[in-house]
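Asker:
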Amino acid sequence: MLGIIGAMDEEVAKIKEQMDNVKVMSKAAMDFYEGTLNGKEVVVVRSGIGKVNAAMCAQILVDTYEVEAVINTGIAGSLNAQIDIGDIVLSTDTLEHDMDAVAFGYPVGQIPRMDTLSFEADEKLRALAKKVCGEVVPEVSVFEGRVVSGDQFVSDKGKKDWLVENFNGYCTEMEGAAIAHAAYLNGIPFLIIRAISDKADDSASMDYPTFEAQAIEHSVKLLLAMCEQM
Ligand code: ADE
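When we follow this note's numbering, the leftmost residue of the sequence shown carries the number 760, and every step to the right adds one.
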């Protein structure tokens, strides 16, 4: 069973429409849709926004469904001039950019007393996603790089520059690293797939609503095709 998490209803609605034999279970104000997607057994859920919602959601997927892996799909702000609105970023690794224990000598982003700075995504899932992108969204550029997550919608050039300087992130969003963190603690693989809705700068809050639908369409297309090949 594969767990699929999107933060917002808009991000999972199109995926749910394609599912068969659906059973719904509600827990912690989240509805878990269990069924098949292109023949693959999946649980699809809207976690809600932010790291706490996302981590709780991932833990419920592990505890209740014993998921073999988790994919987080959705949209993100680009942190790289090469990565444009509509493009896709597949996570190589991810970290929580708002974790700060610098006062104790940890690098920014490092969770004290954990043995890793960032959480490594599963290479097999990433390779499959990369291959499928070329097949179903050939017009879209696909990048593989670090996803940085925090409880903040980044819409400020200064903050964006800070994220690039400190983490060399490819895109920023608000859930991926929390899901990765939960996956890491439970020893299961994960991948974050994000389509770019904005540039995480001063125009982000204007671009976001304009490009949200297009970005969601790209990530959903990719996910459906991946399920077919899993
Ligand atoms: N999700 C989409 N765009 C984002 C941004 N600029 N910051 C945080 N999360 C986002």
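Ideal placement from N, C-alpha and C gives every residue a C-beta, glycine not left out.
Please determine whether the Cβ atom of Val-913 lies at a distance below 7 Å from any heavy atom of ligand 1.
Answerer: Taking the first residue of the sequence shown as 1, we reach residue 913 at position 154. Under cutoff, so the answer is yes.
Asker: Using only the alpha-carbon positions, how far apart do Ser-914 and Ala-963 sit?
Answerer: For the purposes of this step, residue 914 is identified with residue 155 of the sequence shown, where counting begins at 1. For the purposes of this step, residue 963 is identified with residue 204 of the sequence shown, where counting begins at 1. Whole-angstrom Cα-Cα distance: 5 Å.
Asker: Please go through the same chain and pick out, in chain order, the residues whose beta-carbon is closer than 8 Å to the beta-carbon of Phe-878, but skip the five residues on each side of it.
Answerer: On the sequence shown, residue 878 is found 119 positions in, with the first residue counted as 1. The answer, listed in chain order, is Asp-852, Thr-853, Leu-854, Ala-936, Ala-939, His-940, Ala-942, Tyr-943 and Phe-949.
Asker: Tell me, which residues are paired with Val-802 by DSSP?
Answerer: Here the question's residue 802 lines up with position 43 in the sequence shown. According to DSSP, which records beta bridges pairwise, Val-802 is partnered with Gly-762 and Glu-793.
Asker: Under the rule that 16 or more other beta-carbon atoms within 10 Å means buried, what is Met-858, buried or exposed?
Answerer: Numbered from 1 along the sequence shown, position 99 holds the residue referred to as residue 858. It is buried - the Cβ of Met-858 has at least 16 other Cβ atoms within 10 Å.
Asker: Could you pull the DSSP bridge partners for Asp-852 from this structure?
Answerer: In the sequence shown, counting from the first residue as 1, residue 852 sits at position 93. Note: Asp-852 sits in a beta bridge opposite Glu-879.
Asker: Use the C-beta contact count for Glu-827: other C-beta atoms within 10 angstroms, 16 or more gives buried, fewer gives exposed.
Answerer: Position 68 of the sequence shown holds residue 827. Counting Cβ neighbours within 10 Å, Glu-827 comes out exposed, since fewer than 16 surround it.
Asker: Which whole-angstrom value is the C-beta distance of Tyr-824 and Met-778, which I expect to be below 8 Å?
Answerer: For this step, residue 824 is matched to residue 65 along the sequence shown. For this step, residue 778 is matched to residue 19 along the sequence shown. Incorrect: roughly 14 Å between the Cβ atoms, too far for contact.
Asker: Within its chain, find whatever has a CB closer than 7 Å to the CB of Thr-919; leave out the 5 residues flanking it on each side and keep chain order.
Answerer: As a first step, residue 919 is located in the sequence shown; it is residue number 160 there, counting from the start. Contrary to the premise, residue 919 reads as Lys rather than Thr in this sequence. Same-chain partners within the cutoff: Leu-838, Val-913, Ala-959 and Asp-960.
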